[in-house]
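K.L.:
Numbering (my numbering), first residue to last: 272 to 516.
#1: Assess contact between the region 456-475 and the region 494-502, defined as three or more Cβ pairs (one per stretch) separated by less than 8 Å. Is contact present?
#2: Pop quiz: residue 384 and residue 391 are said to be a contact at Cβ under 8 Å. What is the actual Cβ separation, rounded to whole angstroms?
#3: Does the ligand NAP have a heavy atom nearer than 8 Å to the CB of residue 314?
#4: Which of the three DSSP states, helix, strand or coil, is assigned to residue 465?
#5: Just how far apart, CA to CA, sit residue 416 and residue 315?
#6: If you run the structure through DSSP and keep just helix, strand and coil, what is residue 511?
#7: When burial is assigned at 16 or more other CB atoms within 10 Å of the CB, is residue 311 buried or exposed?
#8: What residues in its chain sit with their C-beta under 7 Å from that of residue 494, if we drop five residues either side in the sequence?
#9: Under DSSP, the beta strand (DSSP E) around residue 269 begins and ends at which residues?
#10: Let me know the secondary structure DSSP gives residue 444 once reduced to three states.
#11: Comparing alpha-carbon positions, which option in 466, 473 and 447 lies nearest residue 484?
#12: Could you give the residue range of the beta strand (DSSP E) that holds residue 285?
#13: Assuming residue 380 is part of the beta strand (DSSP E), what are its boundary residues?
#14: Quick one, are the C-beta atoms of residue 339 and residue 294 less than 9 Å apart?
#15: With DSSP collapsed to three states, give me the class of residue 402.
#16: So residue 331 and residue 309 are supposed to be a Cβ contact under 8 Å. How far apart are they, rounded?
#17: May I ask you to report which of helix, strand or coil DSSP gives residue 434?
#18: Could you give the distance in angstroms between the alpha-carbon of residue 482 and the alpha-carbon of residue 285?
#19: Quick one: what does DSSP say residue 494 is sitting in, helix, strand or coil?
#20: Kindly indicate which residue of 479, 465 and 477 has the alpha-carbon position closest to the one of residue 492.
#21: DSSP state of residue 294, grouped into three classes?
#22: Determine the direct distance from the alpha carbon of residue 395 to that of residue 259, and round the result to whole angstroms.
#23: Measuring only the C-alpha atoms, how far is residue 430 from residue 349?
#24: For a test of the three-state rule: what should DSSP assign to residue 366, helix, strand or coil?
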């Protein structure tokens, strides 16, 4: 058995625990003993791509250890995983686990408002929300995101693993492109690319800091379909197309 397959089989699980109003505790064990060179905790926001290292322990050879993370933003979905590097520079990752910054909670009237693609699709009393959430959670291509008290966004995952058409990018009644990022612009850096059908970038918006931004259709030179990619903190979170008329 090669050292690579032995290490992969020996990879342990890790524990992800929510600490109310504090963040998350990530705990792990070391099955490799002195053969473990580096152990890092990695986090991704919104989806299971774009992991970045947020913590590397100074004592990777300890038999068990933990770390408490205080991620930015409220009601944001985060994914965590553990990265192991062994002597000889072999490295492995655990299967990601998902967590929410805060629990779902109703508005002041005890209601949950469910949005999809920028449209309100359902309003539920909070005591009915759990059964609805449990039924939706059985569909692996659907994801529920808490956006704030009483506000839920339902996303549908596409083949490329990116949640598309969330309603952030749309065409308004005047035919201009409307970008709605809300208060998230205070916590995250956003970048938006528009491409033609050949994949060439025809418009690029960096460091968007306005909750609502209108891009006039004259910026696109001619009518037609254009692809866009929306990045949050350098991670691709949405891609789709719009039609300029």
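From the three backbone atoms N, C-alpha and C, an ideal C-beta is built for every residue, glycine too.
P.N.:
The answer reads as follows:
#1: yes
#2: Along the chain shown, read from residue 1 onward, the residue named residue 384 stands at position 113. Along the chain shown, read from residue 1 onward, the residue named residue 391 stands at position 120. Residue 384 to residue 391, Cβ: 6 Å. Contact.
#3: For the ligand NAP, the structure offers nothing, since it holds no ligand at all.
#4: Here the question's residue 465 lines up with position 194 in the chain shown. In the structure shown, residue 465 sits in a strand (DSSP, three-state: E or B).
#5: Locating residue 416 in the chain shown gives position 145, where the first residue counts as 1. Locating residue 315 in the chain shown gives position 44, where the first residue counts as 1. Their Cα atoms are separated by approximately 15 Å.
#6: The count along the chain shown starts at 1 and reaches residue 511 at position 240. Residue state, collapsed to three classes: strand.
#7: Residue numbering aside, residue 311 sits at position 40 when the chain shown is read from its first letter. Residue 311 comes out buried.
#8: Residue numbering aside, residue 494 sits at position 223 when the chain shown is read from its first letter. So the qualifying residues of the chain are 515 and 516.
#9: Lying before the first or after the last residue shown, residue 269 is absent from the chain, which here runs from 272 to 516.
#10: The sequence position of residue 444 within the chain shown is 173, counting from 1. Here residue 444 sits in coil by DSSP.
#11: Residue mapping note: residue 484 aligns to position 213 of the chain shown, counting from 1. The shortest C-alpha separation from residue 484 is found at 447.
#12: Within the chain shown, residue 285 is the residue found at index 14, counting from 1. Where residue 285 is concerned, there is no enclosing beta strand (DSSP E), given that its DSSP letter is neither H nor E.
#13: As a working note, residue 380 is residue 109 in the chain shown. Where residue 380 is concerned, there is no enclosing beta strand (DSSP E), given that its DSSP letter is neither H nor E.
#14: By 1-based counting over the chain shown, the position of residue 339 is 68. By 1-based counting over the chain shown, the position of residue 294 is 23. Yes, they are a contact pair.
#15: Position 131 of the chain shown, counted from the start, is the residue given in the question as residue 402. Correct three-state label for residue 402: helix.
#16: Counting from 1 along the chain shown, the entry for residue 331 is found at position 60. Counting from 1 along the chain shown, the entry for residue 309 is found at position 38. With 8 Å as the limit, residue 331 and residue 309 qualify as a contact, their Cβ atoms being about 6 Å apart.
#17: On the chain shown, position 163 is the one that residue 434 refers to. Any reading at residue 434 must be qualified, since the residue scores a pLDDT of 48, below 50, and its modelled position is unreliable; the value itself is stated next. If DSSP states are grouped into helix, strand and coil, residue 434 belongs with the strands.
#18: Translated into the one-based positions of the chain shown, residue 482 becomes position 211. Translated into the one-based positions of the chain shown, residue 285 becomes position 14. Rounded to whole angstroms, residue 482 to residue 285 spans 37 Å at the Cα level.
#19: The residue you call residue 494 lines up with position 223 of the chain shown. Residue 494: coil per DSSP, three-state reduction.
#20: By 1-based counting over the chain shown, the position of residue 492 is 221. It is 465 whose Cα lies nearest to the Cα of residue 492.
#21: Along the chain shown, one-based indexing puts residue 294 at 23. Here residue 294 sits in strand by DSSP.
#22: Summary: the structure shown does not reach residue 259, with the chain confined to residues 272 through 516, and so no result is reported for it.
#23: Walking along the chain shown from the start, residue 430 turns up at place 159. Walking along the chain shown from the start, residue 349 turns up at place 78. The predicted position of residue 430 is uncertain, since its pLDDT is 48 and thus under 50; a value taken from the coordinates is nonetheless stated next. So the two alpha carbons sit approximately 20 Å from each other.
#24: On the chain shown, position 95 is the one that residue 366 refers to. Residue 366: coil per DSSP, three-state reduction.
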